[in-house]
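Structure first, commentary second.
Protein chains: 2
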Amino acid sequence: MTPGLNLRISPRTVQQETVDKLRFAIFSGIFPPGSRLVESQLCAQLGVSRPSLREALRSLEAERLIEIVPNRGPSIPALSWEEATAIYEVRELLEVEAAGRCALRISAEQLHELEKSLLAFEAAASSNDSLAQVMTAADFYSTILGNCGNPVLEEVHRGLVARISFFRGRSMSLEGRAQSSLAEMREIFEAIAAGDEKAARKASKKHLLRAKAAAKKSMEGGA
Amino acid sequence: MTPGLNLRISPRTVQQETVDKLRFAIFSGIFPPGSRLVESQLCAQLGVSRPSLREALRSLEAERLIEIVPNRGPSIPALSWEEATAIYEVRELLEVEAAGRCALRISAEQLHELEKSLLAFEAAASSNDSLAQVMTAADFYSTILGNCGNPVLEEVHRGLVARISFFRGRSMSLEGRAQSSLAEMREIFEAIAAGDEKAARKASKKHLLRAKAAAKKSMEGGA
DNA sequence: ATTGAAAGACTGTCAGACAATCCTGTTGAC
DNA sequence: GTCAACAGGATTGTCTGACAGTCTTTCAAT
Numbered sequence: 001m002t003p004g005l006n007l008r009i010s011p012r013t014v015q016q017e018t019v020d021k022l023r024f025a026i027f028s029g030i031f032p033p034g035s036r037l038v039e040s041q042l043c044a045q046l047g048v049s050r051p052s053l054r055e056a057l058r059s060l061e062a063e064r065l066i067e068i069v070p071n072r073g074p075s076i077p078a079l080s081w082e083e084a085t086a087i088y089e090v091r092e093l094l095e096v097e098a099a100g101r102c103a104l105r106i107s108a109e110q111l112h113e114l115e116k117s118l119l120a121f122e123a124a125a126s127s128n129d130s131l132a133q134v135m136t137a138a139d140f141y142s143t144i145l146g147n148c149g150n151p152v153l154e155e156v157h158r159g160l161v162a163r164i165s166f167f168r169g170r171s172m173s174l175e176g177r178a179q180s181s182l183a184e185m186r187e188i189f190e191a192i193a194a195g196d197e198k199a200a201r202k203a204s205k206k207h208l209l210r211a212k213a214a215a216k217k218s219m220e221g222g223a
Numbered sequence: 224m225t226p227g228l229n230l231r232i233s234p235r236t237v238q239q240e241t242v243d244k245l246r247f248a249i250f251s252g253i254f255p256p257g258s259r260l261v262e263s264q265l266c267a268q269l270g271v272s273r274p275s276l277r278e279a280l281r282s283l284e285a286e287r288l289i290e291i292v293p294n295r296g297p298s299i300p301a302l303s304w305e306e307a308t309a310i311y312e313v314r315e316l317l318e319v320e321a322a323g324r325c326a327l328r329i330s331a332e333q334l335h336e337l338e339k340s341l342l343a344f345e346a347a348a349s350s351n352d353s354l355a356q357v358m359t360a361a362d363f364y365s366t367i368l369g370n371c372g373n374p375v376l377e378e379v380h381r382g383l384v385a386r387i388s389f390f391r392g393r394s395m396s397l398e399g400r401a402q403s404s405l406a407e408m409r410e411i412f413e414a415i416a417a418g419d420e421k422a423a424r425k426a427s428k429k430h431l432l433r434a435k436a437a438a439k440k441s442m443e444g445g446a
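As you go down the protein sequences, you meet chains A and B in turn. For the first sequence, position 166 matches number 166 in my numbering, and the numbering has no gaps at all. So my numbering is basically just the index in the second sequence, starting at one, shifted up by 223.
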């Protein structure tokens, strides 16, 4: 991991740009679940050709952010509660492991980074900006996963979180969820800062279980 | 293009067909690691147009089976030992969990299926057909993962296994590895059959650790 | 041997086209 | 009036052809 001096910056292609834009649009909830994505419309909106768009859609399909049914085209999958539960369970498995490992190996510098993420979330939690809450919370997890020493763990986790980010915005907007979430995250941070693996695992597990419960609640209420 | 006689029940598109063919080709080791995949050549070999091929390549890229660097095109990634280790670790996390859950919830019918997979591997282990060994072993895992009650766990696991299938063929061909692998798998099976969650987890963990060690050995020797 | 420039190969991207398939509203039969 | 066949439009799946940008290799000049 040599820092800097990597002059070979890969150029951003239209397809990458398109993937990013679409992913962000999906995260933002612009497309309601179940809605279909018409190629010609997206081409016009994004200003790209159909082949480029279709490549981007294939990438998103492989990420499970959209579904593509032959002869019916792409659509936003309507995530059932069973699927969301399944994702939360795997996420728990990964996050608990990551938090534990992170506690053992994080550097002082990265620990500071983690604290900054936590403070950013604290600020967002006080506001009503649920998008900011989700983003800063994602930063927090991302730092943990990025310091667990296993890039594959990080990668898989990112994919799973992406698929339920839609839920997180809603559950975060539950009354008081952001505040209790903050408390749980602080607990995780303290454990990691203390280098206490077991405590980190425990706190992480608790956090996940509560997040899952909040997501369930928000889904039952609002769906 | 292709003559009639298409009694397809579910419409299989050229794109899907292409993905499957390429995936199989990669598994078979036709493309050596690091080799580049030239679009025009693949188009000619597969008999598809460039747009269709490129869509297929994007799918495979998202599966991490190939890498696509802008302006350099797709290539087979050369898996480093660090990456393989990372995959094995996550795989362990998932498989141990799956084995444990499977022990608690598998049906008699599926248990019989699992036994058949085990016997098939037993037959393959006696032969020298390492491809058959990998295939039957994959069946065994697949049955376990398919009965763990969490489709996401299964899906993520499948993706990871695909990425290291290349290794497995080589490590399986180590002297005696297939036989000891068989013993470990039988142990897993017995634990699941007995409905003993803890034993299943333990056996599964042991199996994975040994498989990882064998993979490492084969890599150090043959790379 | 080193350097630099030209040539070739390949990818990234687009436009346009056409057949197959799906969806929808209308018509016709009972 | 209800239901089924049907015609029409909308949309996707796929191909061909094209061209500019970028990488790699070759070859000549110093």
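Glycine residues also receive a C-beta, built at the ideal position from the N, C-alpha and C atoms. Source: prediction; values computed, not measured.
Taking only beta-carbon positions, decide if residue i is within less than 9 Å of chain A.
| i | result |
| --- | --- |
| P255(B) | no |
| L316(B) | yes |
| E240(B) | no |
| E286(B) | yes |
| R281(B) | yes |
| M224(B) | Confidence at M224(B) is low in this model, with a pLDDT of 35, below 50, so its placement is unreliable and the value that follows should be read with caution. Answer no: the Cβ-Cβ gap between M224(B) and chain A never drops below 9 Å. |
| L376(B) | yes |
| P293(B) | yes |
| E413(B) | no |
| E262(B) | no |
Go ahead and label residue i buried or exposed: buried means 16 or more other beta carbons lie within 10 angstroms of its beta carbon, across all protein chains shown.
| i | result |
| --- | --- |
| Q179(A) | exposed |
| L119(A) | exposed |
| K435(B) | buried |
| V38(A) | exposed |
| S80(A) | exposed |
| S28(A) | exposed |
| Q45(A) | exposed |
| R273(B) | exposed |
| V69(A) | exposed |
| S349(B) | exposed |
| P234(B) | exposed |
| I26(A) | buried |
| Q238(B) | buried |
Taking Cβ-Cβ distances shorter than 8 Å, what residues in chain B pair up with residue i?
| i | result |
| --- | --- |
| N150(A) | A309, E312, V313 |
| T13(A) | P293 |
Would you please verify whether the beta carbon of residue i is less than 9 Å from any beta carbon of chain B?
| i | result |
| --- | --- |
| S173(A) | no |
| A103(A) | no |
| A44(A) | no |
| E197(A) | no |
| G159(A) | yes |
| E67(A) | no |
| E83(A) | yes |
Going by DSSP in three states, residue i sits in which element: helix, strand or coil?
| i | result |
| --- | --- |
| G369(B) | helix |
| I106(A) | coil |
| V313(B) | helix |
| E67(A) | strand |
| S251(B) | coil |
| G399(B) | coil |
| P256(B) | coil |
| G382(B) | helix |
| G169(A) | helix |
| S263(B) | helix |
| G296(B) | strand |
| L79(A) | coil |
| A417(B) | coil |
| S49(A) | coil |
| S350(B) | coil |
| R186(A) | helix |
Whose Cβ in chain A lies nearer than 8 Å to the Cβ of residue i?
| i | result |
| --- | --- |
| R277(B) | P51, E55 |
| E320(B) | L93 |
Under 7 Å between beta-carbons, which chain B residues line up against residue i? List them in chain order, please.
| i | result |
| --- | --- |
| A201(A) | One detail in the question is off: residue 201(A) reads as Arg in this sequence, not Ala. The premise fails here: R201(A) is roughly 13 Å from chain B at the closest Cβ pair, so nothing lies under 7 Å. |
| V156(A) | V313, V379 |
Report the option in the options whose CA atom is closest to the CA atom of residue i.
| i | options | result |
| --- | --- | --- |
| R328(B) | I415(B), Q239(B), K429(B), P297(B) | I415(B) |
| Y141(A) | S181(A), L65(A), K198(A), I30(A) | S181(A) |
| H430(B) | V292(B), E315(B), R281(B), F389(B) | E315(B) |
| L53(A) | R101(A), C43(A), E61(A) | C43(A) |
| H380(B) | D362(B), G392(B), L397(B) | D362(B) |
| S171(A) | K205(A), Q133(A), N128(A), S218(A) | S218(A) |
| R259(B) | K439(B), A301(B), G392(B) | A301(B) |
| R400(B) | L376(B), A326(B), R433(B) | R433(B) |
| V19(A) | L65(A), A108(A), A215(A) | L65(A) |
| R409(B) | A423(B), L397(B), S396(B) | A423(B) |
| F24(A) | S165(A), A124(A), E67(A) | S165(A) |
| N351(B) | L337(B), T359(B), S396(B) | S396(B) |
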